[in-house]
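Participant:
Residue numbers (my numbering), protein chains in the order written: chain L, 176 to 309; chain U, -1 to 321.
The structure is reproduced here in structure tokens:
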């Protein structure tokens, strides 16, 4: 275990740095308001009990796509996941700006978040729940 | 054994022949228009909600010409219906407003929701009651009512919070909506706005859209269960049927003037027509994958379909009963 510790530490630092880089210019408080765009279908609550149309966004940063247990992903999302799609900050930013450009045929029909500051604020809010833990 | 085989083949042939008796036509839209919902006007003109482009689209079915009318800054219309005034009315999530386009002058009028309900309620769908007022749902957990004459807007919190999705008016002018996350049907008191909840028999069924037939029965597309269900307010009874195929997901529902029930089913990438009299389904698959039909609406002999995934409008012309 001790031999693996350096690799684990490096991995954790990389993950947190990735989340922080995307969220650095954002304001989480403003992002919480922006999250109203996502709220109907997504939750950040790890104990969410409602049956929502989208998967949880709890610790979404650096999560490999289509890996929330029990969620029925679309064929389009599973195809991108098979090609290695991972939700790092840059990918999340691109997905919010143009979902179809990242996952052609995605079921998510939310209009693009065109304003870069709004996306940065959203990323900052999403980052509050931390990064994906394998 | 032969008898079973014969019966199976005959049933399949009848199913295919029924579907083949219809005529499908597709209209290509501009890339990025993303038609979420569609509605047909009194002269046969077809309106669509161009959600990602922030436009009202007007299609002339005879020529295929599309007119695109910008609805305002940050517009992202989800729903469109044609009101009793013959005009298209939009539920515009991006502007958090109800929007009307004058069908002649193309003038756009915007009624924003009250400030305390800003910036975003995820406005979904609308329906008119029998008194000229338009009712709407917001998926973040609200429903509301706009009186276009006075401009008064009232908004209420929905039972169980987030989820309000499809909404419909009955021939009597009553208003009902369904909650996708809440998995219920609700009837609204037209004056007090109070919601009375009716739970479909299937738990967590994901009631997504609702439409009234000519007798006021409510037909519901259930996304999670893959069912179509019906509630009869007169008898207070429910019935439901599973759509054909493996793991169906039912999205759109529209009941035509002959009381046939049209649905979209995403796993089979098809529009499906259900005949309540025979309890049989007929299937009309799209000619392209991932059509992602989120809503449909029509008039006698014409079922209009918004293919958000292929950015096309489809019409199925079918033999209708004559009056």
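Quick reminder that beta carbons are idealized off the backbone N, C-alpha and C, glycines included. Just so you know, these numbers come straight off a predicted model, no measurement behind them.
Of all the CB atoms in chain U, is at least one closer than 8 Å to the CB of residue 214/L?
Facilitator: yes
Participant: Give a yes or no on whether the C-beta atoms belonging to residue 177/U and residue 163/U are separated by under 8 Å.
Facilitator: yes
Participant: Are the segment 274 to 281 of chain U and the segment 296 to 310 of chain U touching by the rule of at least three beta carbon pairs closer than 8 Å?
Facilitator: no
Participant: What is the DSSP secondary structure of residue 162/U, counted as helix, strand or coil?
Facilitator: strand
Participant: Below 8 Å between beta carbons: does that hold for residue 206/L and residue 299/L?
Facilitator: yes
Participant: Between the alpha carbons of residue 214/L and residue 200/U, how many angstroms are there, rounded?
Facilitator: 25 Å
Participant: For the segment 268 to 296 of chain U, enumerate the residues whose C-beta is nearer than 9 Å to any C-beta of chain L, in chain order.
Facilitator: 287, 288, 290 and 292
Participant: Check the Cβ of residue 266/L against every Cβ in chain U and list those closer than 8 Å, keeping chain order.
Facilitator: The premise fails here: residue 266/L is roughly 20 Å from chain U at the closest Cβ pair, so nothing lies under 8 Å.
Participant: Per DSSP, what kind of secondary structure is residue 267/L in: helix, strand or coil?
Facilitator: Residue state, collapsed to three classes: helix.
Participant: Applying a beta-carbon distance threshold of less than 9 Å, which residues of chain U neighbour residue 208/L?
Facilitator: Those within 9 Å of residue 208/L in chain U are 117 and 118.
Participant: Compare the C-beta of residue 178/U against all C-beta atoms of chain L and say whether one is closer than 8 Å.
Facilitator: yes
Participant: What does residue 280/L reach in chain U if we use C-beta pairs closer than 7 Å?
Facilitator: Residues of chain U passing the Cβ test: 288 and 307.
Participant: Excluding five sequence neighbours on each side, which residues of the same chain lie with their C-beta closer than 8 Å to the C-beta of residue 277/L?
Facilitator: 255, 260, 266, 269 and 270
Participant: Tell me whether residue 223/U is buried or exposed, calling it buried when 16 or more other Cβ atoms sit within 10 Å of its Cβ.
Facilitator: Of the other Cβ atoms in all chains shown, 16 or more fall within 10 Å of the Cβ of residue 223/U; this residue is therefore buried.
Participant: Which complete beta strand (DSSP E) runs does the segment 170 to 211 of chain U hold, if anything under 3 residues is left out?
Facilitator: Those beta strand (DSSP E) runs which fall completely within the segment 170 to 211 of chain U and span 3+ residues are 173 to 177, 182 to 186, 193 to 196 and 205 to 210.
Participant: Could you list the residues in the segment 244 to 267 of chain L with a C-beta less than 9 Å from some C-beta on chain U, going in chain order?
Facilitator: 247, 249, 250 and 251
Participant: Along the chain, which unbroken stretches of the beta strand (DSSP E) at least 3 residues long are found entirely within the segment 114 to 166 of chain U?
Facilitator: 121 to 126, 132 to 136, 140 to 144 and 151 to 155
Participant: Do you know offhand how far residue 330/U's Cα is from residue 227/L's?
Facilitator: Beyond the ends of chain U as shown, which are -1 and 321, falls residue 330/U; an answer cannot be given.
Participant: Relative to the C-alpha of residue 170/U, which residue among 123/U, 119/U and 232/U is closest?
Facilitator: 232/U
Participant: Counting contacts by CB-CB distance shorter than 8 Å, is residue 74/U in contact with chain L?
Facilitator: yes
Participant: In the DSSP assignment, the beta strand (DSSP E) including residue 93/U goes from what residue to what residue?
Facilitator: Counting along the chain, residue 93/U falls outside any beta strand (DSSP E), and DSSP gives it neither H nor E.
Participant: Does the Cβ-Cβ distance between residue 239/U and residue 249/U come in under 8 Å?
Facilitator: no
Participant: Indicate whether residue 93/U and residue 73/U have their beta-carbon atoms separated by less than 8 Å.
Facilitator: For the 8 Å CB-CB criterion, residue 93/U and residue 73/U form a contact.
Participant: Report yes if the C-beta distance between residue 304/U and residue 291/U is below 8 Å; otherwise report no.
Facilitator: yes
Participant: Please state whether the Cβ-Cβ distance between residue 51/U and residue 35/U is less than 8 Å.
Facilitator: no
Participant: Is the segment 104 to 113 of chain U in contact with the segment 62 to 73 of chain U, if contact means three or more CB pairs nearer than 8 Å?
Facilitator: yes
Participant: Does residue 238/U have its Cβ less than 8 Å from a Cβ in chain L?
Facilitator: no
Participant: Closest to residue 160/U by CA distance: which of 141/U, 145/U, 217/U and 77/U is it?
Facilitator: 141/U
Participant: Do residue 80/U and residue 47/U have their CB atoms nearer than 8 Å?
Facilitator: no
Participant: For a contact defined as C-beta to C-beta under 7 Å, what are the partners of residue 92/U on chain L?
Facilitator: 286
Participant: Taking the straight line between their C-alpha atoms, what separation do you get for residue 95/U and residue 166/U?
Facilitator: 19 Å
Participant: Should residue 229/L and residue 251/L be called a contact, given that it needs their Cβ atoms to be closer than 8 Å?
Facilitator: no
Participant: Chain L partners of residue 202/U, CB-CB under 9 Å?
Facilitator: 226
Participant: Could you tell me the boundaries of the beta strand (DSSP E) in which residue 65/U lies?
Facilitator: 64 to 68 is the span of the beta strand (DSSP E), which, as asked, contains residue 65/U.
Participant: Please report whether the beta-carbon of residue 292/L lies at a distance below 8 Å from any beta-carbon of chain U.
Facilitator: At least 8 Å separates the CB of residue 292/L from every CB of chain U.
Participant: Between residue 342/U and the rest of its own chain, which residues show a CB-CB distance below 7 Å, the 5 nearest in sequence each way excluded?
Facilitator: The requested residue 342/U does not occur in the structure, where chain U is confined to residues -1 to 321.
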